[in-house]
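Let me begin by presenting the structure, written as structure tokens, before commenting on it.
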Amino acid sequence: MTIRRGDVVSHCGAVQWGVGKVVEIGENQASIHFNDGVFRKIAASHFSSLLPAEAASFTPPPPATPEAKPVKAPKAPKAASARQKKS
1 MTIRRGDVVS
11 HCGAVQWGVG
21 KVVEIGENQA
31 SIHFNDGVFR
41 KIAASHFSSL
51 LPAEAASFTP
61 PPPATPEAKP
71 VKAPKAPKAA
81 SARQKKS
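Next comes the structure, spelled out in structure tokens:
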């Protein structure tokens, strides 16, 4: 199977990953974004494990919403230094 950027594929040995979309092709590997939300790099020697899939079956997970961090109280101003510079 010839793999091109934008192709939608599934991995016959890892159906739990779901369907993936090819996002980058290199000489020795392809980067694929699978439905489980993970980007995986598949070696060119394993391209035979990739099967074509329906484009409509690829649904990337929704972007994760960042957790709100608690707001810290402002620090108290530092006391004036006991030492003063000599003029």
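Read in full-length UniProt numbering, the sequence shown has 30 at position 30, and its numbers run on one by one without any break.
Where is the CB? At the ideal position from N, CA and C, for every residue including glycine.
When the Cα atoms are used, what is the spatial distance from residue i to residue j?
| i | j | result |
| --- | --- | --- |
| residue 35 | residue 50 | 15 Å |
| residue 24 | residue 66 | 26 Å |
| residue 16 | residue 10 | 10 Å |
| residue 46 | residue 1 | 10 Å |
| residue 39 | residue 52 | 18 Å |
| residue 63 | residue 13 | 26 Å |
| residue 27 | residue 3 | 11 Å |
| residue 37 | residue 19 | 10 Å |
| residue 60 | residue 70 | 30 Å |
In this structure, does DSSP put residue i in helix, strand or coil?
| i | result |
| --- | --- |
| residue 68 | coil |
| residue 47 | helix |
On the DSSP bridge assignment, give the partners of residue i in chain order.
| i | result |
| --- | --- |
| residue 20 | 9 and 34 |
| residue 40 | 32 |
| residue 25 | 30 |
| residue 52 | 9 |
Is residue i close to the ligand FMN? I mean its beta-carbon at under 7 Å from any heavy atom of the ligand.
| i | result |
| --- | --- |
| residue 67 | As far as ligands go, the structure on display features none, and thus does not contain the ligand FMN. |
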